[in-house]
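J.: This is the structure, below, for whatever I ask next.
In the working numbering, the protein residues as written are 2 to 386.
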């Protein structure tokens, strides 16, 4: 669905026309799930763009016979929208009034639907919240980058009973180096912060690519890790994948990883380092299939699964922020005035609207409020009326 910015003289703010959308709780439950998802995404992107652009109105063409009071809305509302929206029906139009994003209340500079930055939490691959992403990125800025990164443990010195994370990493390294595995063999170690097991899908679909992107992002953003496709997640039994063109699959995985968007804080511009292996799975000596193993090394900076889902109105168009723009705005801080005793911070970034700048003044000059009275006298007059 395409989003259009209307130049509507009835509204002083931006008006984004989403077009026709099926509204109503029951009606949306019964519609095609792919169309439902596309419509939810379009409306969410329009709202996000207005949040980051000073507010405005989302205009939707409602379905025939729709009544807001009777049918409800039924749209999948993102949690960050809470407290920012007002809704009303105007004949065959449904209007969503969007306030400007409050950076002070949220402590986040931009409204973001999904950071698309991943990390490992125990045995799970989770997307970072905006707050987690900011902390992660600022940590990368403040810490001197380790260009070579801490390499994953080798296969040496694997102890008998796997009991801790370092032993699990060593066992995963040993598995990665094995020439072949036995069908239905039960592995002696589990999923961990550095190890992921997955069953191989019936075909290489977009779901497989999405899973690969998120896992690689999570491991690369931490201490690296191993992904094994063809091992049952619960039983830890080796199943393998059968009729797969290994050359095509390897090219698919390599291409997917190399296309992952990255953001560098260092000058070296390293690429993501990874290695792919296909471990033979044998049943009574006969080839039964393969386990696809991917080893991901830790990355010097930040690896995204996709561009952050954060939107803005720019040049009368709804556009997605680039990674460079998003990282710059999200990590920007007030200037350090410790060495400039004559300067005062009049307006902090934490108190501004999205994409605003901090304001500093000289102690001996007029303060910000006095300058506002001087240059915008009508503002004070209007406020008193």
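C-beta atoms are modelled at their ideal positions from N, C-alpha and C, and glycine is treated no differently.
I need the boundaries of the beta strand (DSSP E) containing residue 230, first residue and last residue.
T.: Looking at the DSSP string, the run of the beta strand (DSSP E) that includes residue 230 is 226 to 230.
J.: Pull up the distance between the alpha-carbon of residue 62 and that of residue 24, whole angstroms please.
T.: Their Cα atoms are separated by approximately 9 Å.
J.: How is residue 156 classed by DSSP in three states: helix, strand or coil?
T.: With a pLDDT of 47 at residue 156, under the threshold of 50, the modelled position of this residue cannot be trusted; read the value that follows with caution. Three-state DSSP puts residue 156 in coil, outside helix and strand.
J.: To the nearest angstrom, report how far apart residue 192 and residue 279 are at their CA atoms.
T.: Those two C-alpha atoms are separated by around 19 Å.
J.: Write down the C-beta distance between residue 142 and residue 332 rounded to the nearest angstrom, noting that I regard them as a contact closer than 8 Å.
T.: With 8 Å as the limit, residue 142 and residue 332 qualify as a contact, their Cβ atoms being about 6 Å apart.
J.: Can you say whether residue 168 is buried or exposed, counting buried as having 16 or more other CB atoms within 10 angstroms of its CB?
T.: It counts as buried.
J.: Taking the CB atoms as reference points, tell me whether residue 311 and residue 111 lie closer together than 8 Å.
T.: Their beta carbons are under 8 Å apart, which means residue 311 touches residue 111 by this criterion.
J.: Are residue 319 and residue 50 closer than 8 Å when you measure CB to CB?
T.: Going by C-beta atoms, residue 319 is nearer than 8 Å to residue 50.
J.: On the criterion of 16 or more Cβ atoms from any shown chain inside 10 Å, does residue 224 qualify as buried, or is it exposed?
T.: Burial call: buried.
J.: With 8 Å as the threshold, decide whether the Cβ of residue 329 is near any Cβ in chain B.
T.: Among the chains in the structure shown there is no chain B, since it carries only a single protein chain.
J.: Taking the alpha carbon of residue 297 as the point to measure from, which residue in 288, 218 and 315 has its own alpha carbon closest?
T.: Of 288, 218 and 315, the residue nearest in Cα terms is 218.
J.: If you measure between the beta carbons of residue 58 and residue 96, is that distance less than 8 Å?
T.: Yes, the pair counts as a contact, with Cβ atoms nearer than the cut-off.
J.: To the nearest angstrom, report how far apart residue 215 and residue 119 are at their CA atoms.
T.: If I take the Cα positions, the gap works out to 6 Å.
J.: Taking 8 Å as the cut-off, decide whether the C-beta atoms of residue 230 and residue 199 are in contact.
T.: Yes.
J.: Mind checking who residue 320 pairs with in its DSSP beta bridge?
T.: 313.
J.: Grab the span of the alpha helix (DSSP H) containing residue 170 for me, first residue to last.
T.: Element bounds for residue 170: 166 to 177.
J.: Could you tell me if residue 247 is buried or exposed, where buried requires 16 or more neighbouring beta carbons within 10 angstroms of its beta carbon?
T.: With fewer than 16 other Cβ atoms within 10 Å, it is exposed.
J.: Could you give the DSSP three-state label for residue 107: helix, strand or coil?
T.: It is helical.
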